[in-house]
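A quick write-up on the structure given underneath.
2 protein chains.
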Amino acid sequence: MRGEALRGHLDLLLLAAVRARPAHGYAIIENLRLRSGGNLNLPEGTVYPALHRLERAGLLKSRWSEASGRRRRTYEVTERGLTELRAQEQDWREFSRAVEGVLEGST
Amino acid sequence: MRGEALRGHLDLLLLAAVRARPAHGYAIIENLRLRSGGNLNLPEGTVYPALHRLERAGLLKSRWSEASGRRRRTYEVTERGLTELRAQEQDWREFSRAVEGVLEGST
DNA sequence: CCTTGATACATAGCGTTGCTAGGTATATTA
DNA sequence: TAATATACCTAGCAACGCTATGTATCAAGG
Numbered sequence: 007m008r009g010e011a012l013r014g015h016l017d018l019l020l021l022a023a024v025r026a027r028p029a030h031g032y033a034i035i036e037n038l039r040l041r042s043g044g045n046l047n048l049p050e051g052t053v054y055p056a057l058h059r060l061e062r063a064g065l066l067k068s069r070w071s072e073a074s075g076r077r078r079r080t081y082e083v084t085e086r087g088l089t090e091l092r093a094q095e096q097d098w099r100e101f102s103r104a105v106e107g108v109l110e111g112s113t
Numbered sequence: 007m008r009g010e011a012l013r014g015h016l017d018l019l020l021l022a023a024v025r026a027r028p029a030h031g032y033a034i035i036e037n038l039r040l041r042s043g044g045n046l047n048l049p050e051g052t053v054y055p056a057l058h059r060l061e062r063a064g065l066l067k068s069r070w071s072e073a074s075g076r077r078r079r080t081y082e083v084t085e086r087g088l089t090e091l092r093a094q095e096q097d098w099r100e101f102s103r104a105v106e107g108v109l110e111g112s113t
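Protein chains in written order, with the numbering used here: chain A, 7 to 113; chain B, 7 to 113.
Below, the structure written as structure tokens:
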């Protein structure tokens with residue numbers, strides 16, 4: 007995945023991934039990799055701070071649990087998070103269509 | 007258009023817009039607005055420096071002209087620019103598919 | 001037993017890059 | 001003659017994802 011492509015779309019991806027399947031950070035990274043056909047390889051230094059930010063913003067909530075001796079922080083999307091996600095999905099569609107519109111005209 | 011959405015996709019858009027129709031900066035901004043259905047409203051402070059950067063990188067070349075008393079710098083895509091554009095188009099498709107893949111699974 | 005690799009979390013600080021804000025200049029319209 | 005549109009430019013800021021680094025547990029291999 008090209009350098010800065012993610013910029014501005016990270017929240018959308020994280021919210022969508024968690025909506026699909028509530029999970030802890032490490033698993034979210036895995037899920038994104040799988041669902042993207044291996045194209046989304048987000049480093050931990052990107053994902054963890056973003057999850058914290060989304061929780062502080064009230065879009066995600068988390069609880070600690072333990073699995074096979076390792077502690078996990080599992081996230082799920084809040085009501086406000088769902089609303090925000092839907093808005094960002096809408097924004098993505100618009101942006102995507104806008105880019106396609108420019109590309110089409112230049113073939 | 008949402009805040010940082012453009013990040014990392016500006017070069018693609020500019021190269022594609024100029025490939026579609028060689029033009030001067032101000033017109034490129036207009037063309038992007040039109041081709042995107044009004045969604046891409048790039049400020050001059052974004053576009054002009056980017057055009058300079060792309061020219062320095064050898065992906066665009068420009069020449070000065072004059073139209074109705076006002077000077078214009080008209081850009082066109084170089085050979086290298088075309089190659090780069092095709093690569094970035096490929097990257098865009100991949101990124102776009104990756105995002106869609108994540109969104110689909112979370113409906 | 002001890003090292004390596006995978007799992008799982010965290011954060012300080014850096015670098016990139018688009019945007020805001022400001023500036024110059026000409027032509028047209030009110 | 002003031003405002004608006006056209007047309008260019010740049011310094012400096014701010015946002016934000018990433019690198020690098022650190023901690024800790026468990027499984028597997030030598």
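Note that CB positions come from ideal geometry on N, CA and C, so glycine has one too. Please read all numbers here as calculations on a predicted model, not as lab measurements.
Bridge partners of residue i, per DSSP?
i: L91/B; result: Its beta-bridge partners do not exist; DSSP assigns none.
i: W70/B; result: R79/B
i: H15/B; result: Its beta-bridge partners do not exist; DSSP assigns none.
i: A29/B; result: Y81/B
Using 9 Å as the limit for Cβ to Cβ distance, is residue i near chain A?
i: A63/B; result: no
i: V108/B; result: yes
i: A33/B; result: no
i: G9/B; result: yes
i: R13/B; result: yes
i: W98/B; result: yes
i: G87/B; result: no
Examine chain B for any beta-carbon lying closer than 9 Å to the beta-carbon of residue i, and answer yes or no.
i: L57/A; result: no
i: L19/A; result: yes
i: S42/A; result: yes
i: V53/A; result: no
i: H30/A; result: no
Would you please state the rounded distance, in angstroms, between the beta carbons of residue i and residue j? I believe it to be under 8 Å.
i: G107/B; j: R41/A; result: 5 Å
i: G111/B; j: A11/A; result: That belief does not hold up - the Cβ atoms of G111/B and A11/A are roughly 20 Å apart, past 8 Å.
i: V105/A; j: L19/B; result: 7 Å
In chain order, what residues of the same chain have a beta carbon less than 6 Å from the beta carbon of residue i, not counting five sequence neighbours either side?
i: E16/B; result: The sequence as given places Leu at residue 16/B; Glu does not occur at that position. Closer than 6 Å at Cβ, skipping near neighbours: A56.
i: Q96/B; result: none
i: Q94/A; result: L18
Can you list, in chain order, the residues of its chain with a C-beta nearer than 7 Å to that of residue i? Leave out the 5 residues immediately preceding and following it.
i: V24/B; result: I34, L66, Y81, E82 and V83
i: M7/B; result: N45, L46 and N47
Hey, residue i and residue j: beta-carbon distance below 9 Å or not?
i: G51/A; j: G14/B; result: no
i: R59/B; j: S68/B; result: no
i: A73/B; j: L109/A; result: no
i: N37/B; j: F101/A; result: no
i: Y54/A; j: G31/A; result: yes
i: S71/A; j: R77/A; result: yes
i: R103/B; j: G43/A; result: yes
With a threshold of 8 Å on Cβ separation, who are the neighbours of residue i within its own chain once the five nearest residues in sequence on each side are excluded?
i: P140/A; result: The shown model of chain A, from 7 to 113, leaves out residue 140/A, and the question about it has no answer.
i: W98/A; result: H15 and L18
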